[in-house]
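Notes follow the structure.
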Amino acid sequence: MSTSARPPAAEPADLAPGAMRAALVAVEPRAAANPDAIRIVRAPGRVNLIGEHTDYNLGFVLPAAVNLEIRIAFVPTDDRRVELVRGATGERAGFNLDAIGPRRGAWVDYIAGTAWALAEAGVAMRGLRGIIVSSLPTASGLSSSAALELASAWALADAPGGDVTPLEFARICQRAENAYVGVNCGLMDQFASACGVAGAAVLLDCRSLEFRPIALPLATHALVVIHTGSTRSLTTSQYNVRRAQCETAVAALAADDPAIRSLRDVTPAMLPAVRARVDPETYRRCRHVVTENGRVVETIDALAADDLPAVGRLWAASHASLRDDFEVVSPELDALVEIATGVPGVAAARMTGAGFGGCTINLVERDAVGTLRAAVLAEYPARTRLTPRVYSVDVVAGAGFIAD
Ligand code: GLA
């Protein structure tokens, strides 16, 4: 999400463990004095394959964790101080675990907020001195906020991976973002960064919180993320407006039928009744959410049947619904999807994440990735005057320690 307090920007720094250890030793005397105590945590960004704006409506999402990530090398301390340096800039920030204080409007809020939420959840923490390095572009719709929160949670918790499950870490980090940073996001981003599975997408039922890996055709196809290069300044305000519209609809529908507690309870057959109950714009928001939940389920079936033309149709329908009904697709996102759709070998393309800028996700025959890249670099700047960035991503496991 885009806020004034952003996590560290993507930095061309070296994420290799040896380089991170050396960088920490160079800036932190406690690490230099005890290099054997250095530990490294990593937390990935995510792309969502389908199921957009469904998480806070308690529906289905299908994200995958990707190999654009945030890493923290740190030494634990017993002084309750958390001190972090941004590897690329040398910028320092810190706080005391016993007096975290309110948010400051800076990137340290994501770490302080995570500490605050861990404390609220009763998770024991220790101080640390650390260095943050990132390959994950900021404010791009790839969940750099969630990745920084998850990396922080793993570094701060006294016994990470012990009593606290990855899903619980995700919920704690979502609370950090909602209640401390002040962004009213759903669970998807933190979930994907925490619970990602190498080589698979993960289906999450945002009501029951049950999840399971979904195989992807990665032997033949690549996941290609394309960034529009456009800023997402309206994201947070417009995101909250969309969320409020969904809640308004639920309140109106619940007045007639108390069994309706979220848009998850609304079936396609109930949409005519919804149309009669809410204003036309709110109706279109509801129609997106209700039909998008169906498209997630159909995408799972299509992937299981190796029916990639069907996946392509479902992603195209998702994109159109996000554009016409939910109204979060910028002209730049539309241009990228249109260009990709014209490239032979692109099986499926759509916007991913909150919208209003950010990225598209493309499922592309491995042999066609170069053609897609060339088409985007040739056509997109001419159409938009913006510079796109094309990432062919690997699907990786969720946050944790790096063994070395
Ligand atoms: C952002 C939010 C998520 C989700 C998506 C839209 O990424 O952080 O919780 O709502 O937008 O699907």
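Residue numbers (my numbering): 2 to 405.
Backbone N, C-alpha and C define an ideal beta-carbon position, used for all residues, glycine too.
Bridge-paired residues (DSSP) for residue i
i, result
"His412", "A query on residue 412 cannot be resolved here, the shown segment of the chain reaching from 2 to 405 and no further."
"Met126", "Ala158"
"Asn49", "Pro64"
"Ala148", "Beta-bridge pairing links Ala148 to no other residue."
"Ser393", "Val225"
"Thr353", "Cys360"
"Val347", "Val365"
"Ile41", "Ala74"
"Glu328", "DSSP, once it has assigned bridges, lists no residue as partnering Glu328."
"Gly95", "Glu84"
"Leu204", "Arg213"
"Val198", "Ala201"
"Ser135", "Ile71"
"Phe402", "Val42"
Rounded separation between residue i and residue j - CA only
i, j, result
"Val298", "Gly95", "44 Å"
"Ala274", "Gln246", "17 Å"
"Ala156", "Ile132", "11 Å"
"Thr353", "Cys186", "15 Å"
"Gly52", "Pro30", "46 Å"
"Leu188", "Tyr381", "32 Å"
"Phe402", "Ala120", "21 Å"
"Cys174", "Ala147", "7 Å"
"Leu272", "Asn58", "15 Å"
"Pro310", "Asn363", "13 Å"
"Arg130", "Ala116", "14 Å"
"Gly270", "Val290", "According to the sequence shown, residue 270 is Ala rather than Gly. One C-alpha to the other measures close to 14 Å."
"Val396", "Tyr240", "27 Å"
"Val347", "Pro332", "20 Å"
"Gly343", "Val225", "15 Å"
"Leu143", "Val394", "12 Å"
"Ala321", "Leu204", "22 Å"
"Asn35", "Gly106", "33 Å"
"Ile301", "Arg367", "21 Å"
"Ser406", "Arg244", "The first residue shown for the chain is 2 and the last is 405, placing residue 406 beyond what the model contains."
"Ala199", "Leu217", "11 Å"
"Gly114", "Pro345", "45 Å"
"Ser3", "Thr237", "Here Ser3 scores only 41 on pLDDT, less than 50, and its place in the model is too uncertain to base an answer on."
"Glu12", "Ala260", "Unreliable placement is indicated for Glu12, whose pLDDT of 46 sits below 50; the coordinate value is still reported in the next sentence. Going by the C-alpha atoms only, they are around 49 Å apart."
"Thr90", "Ser135", "12 Å"
"Leu323", "Ala303", "21 Å"
"Ala255", "Cys287", "14 Å"
"Ala158", "Thr249", "38 Å"
"Asp325", "Met21", "46 Å"
"Ala23", "Val365", "38 Å"
Best match in the options for proximity to residue i [C-alpha to C-alpha]
i, options, result
"Cys196", "Leu143, Asp99, Ala65 and Asp325", "Ala65"
"Gly399", "Val67, Val62, Ala33 and Val26", "Val67"
"Thr139", "Gly230, Asn294, Val251 and Val370", "Gly230"
"Phe61", "Leu315, Gly295 and Ala349", "Gly295"
"Thr166", "Ser194, Glu92 and Arg208", "Ser194"
"Arg81", "Pro332, Glu92 and Arg127", "Arg127"
"Asn97", "Arg208, Leu85 and Ser144", "Leu85"
"Glu169", "Arg40, Gly183 and Leu151", "Leu151"
"Val251", "Ser238, Tyr284, Ala341 and Arg314", "Tyr284"
"Leu337", "Val242, Ser135 and Ile227", "Ile227"
"Phe192", "Gly183, Val182 and Glu178", "Glu178"
"Arg72", "Val124, Leu137 and Arg104", "Leu137"
"Asp99", "Thr221, Val83 and Tyr111", "Val83"
"Ile340", "Val242, Ile112 and Ala317", "Ala317"
Inset, instruction - Evaluate the contact criterion for the region 61–80 versus the region 367–381: three or more CB pairs, one atom per stretch, below 8 Å. - result: A contact between stretches requires three or more CB pairs, one per stretch, nearer than 8 Å, and the region 61–80 fails this requirement with the region 367–381.
Legend entry - Heavy atoms of the ligand GLA versus C-beta positions, residues under 5 Å: Glu53, His54, Asp56, Cys186, Gly187, Met189, Asp190, Gly354 and Ala355
Legend entry - Three-pair Cβ contact test at 8 Å for the region 340–357 versus the region 45–63: yes
Inset, instruction - Tell me, please, whether the region 382–392 touches the region 253–266 by the rule of three or more beta-carbon pairs shorter than 8 Å. - result: no
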